[in-house]
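The C-terminal residue of the sequence shown carries number 94 in our numbering, and the numbering is unbroken. Even glycine gets a Cβ: it sits at the ideal position worked out from N, Cα and C. First up is the structure itself, then whatever we jot down about it.
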Amino acid sequence: MRASTKVIAAVIGLALGGCQSGPRTAAPALLMQGDSLAMERLMSALTTEMQRSRIDLGPSDPTRSPVISVLPLPPGPLEDRSLAMPTLFHLEWD
Numbered sequence: 001m002r003a004s005t006k007v008i009a010a011v012i013g014l015a016l017g018g019c020q021s022g023p024r025t026a027a028p029a030l031l032m033q034g035d036s037l038a039m040e041r042l043m044s045a046l047t048t049e050m051q052r053s054r055i056d057l058g059p060s061d062p063t064r065s066p067v068i069s070v071l072p073l074p075p076g077p078l079e080d081r082s083l084a085m086p087t088l089f090h091l092e093w094d
């Protein structure tokens with residue numbers, strides 16, 4: 001009886017240990033093609049996310065870096081300086 005209890009406990013322990021899986025974390029991604037269709041899709045997604053019609057990308061290259069920077073709107077005619085910072089997006093796949 002003790003042996004069967006130990007066997008059952010071992011099987012349950014192995015089954016629970018085998019089913020363990022960590023949470024999926026998003027991994028950095030790159031834009032595989034820098035063609036106009038891929039850039040249009042990227043700009044469309046950024047336009048939707050930022051709710052702006054004008055999107056200016058920063059100096060980063062989405063085919064080489066997973067970080068995309070979107071420049072802030074330029075200052076108005078009555079502003080001589082702006083404290084606005086670029087908005088950073090991270091390309092990820094999961």
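Measuring straight from C-alpha to C-alpha, what distance separates I68 and A10? 50 Å
So what does DSSP say about E96, is it helix, strand or coil? A question about residue 96 goes unanswered here, because the residues of the chain that appear run from 1 up to 94.
What's the C-alpha gap between R81 and E49? 26 Å
Residue span of the alpha helix (DSSP H) that contains S36, given as start and end: Under the DSSP assignment, S36 falls in the alpha helix (DSSP H) whose first and last residues are 36–50.
What's the gap between the Cα of P72 and the Cα of L30? 23 Å
Please classify P75: is it buried, with 16 or more other beta-carbons within 10 angstroms of its beta-carbon, or exposed? exposed
Rounding to the nearest angstrom, what Cα-Cα distance links D56 and V70 in this structure? Each residue's CA atom was taken as its position, placing D56 and V70 some 6 Å apart.
Excluding the five sequence neighbours on either side, which residues of its own chain have a C-beta within less than 6 Å of the C-beta of G58, listed in chain order? S69, L71, P86
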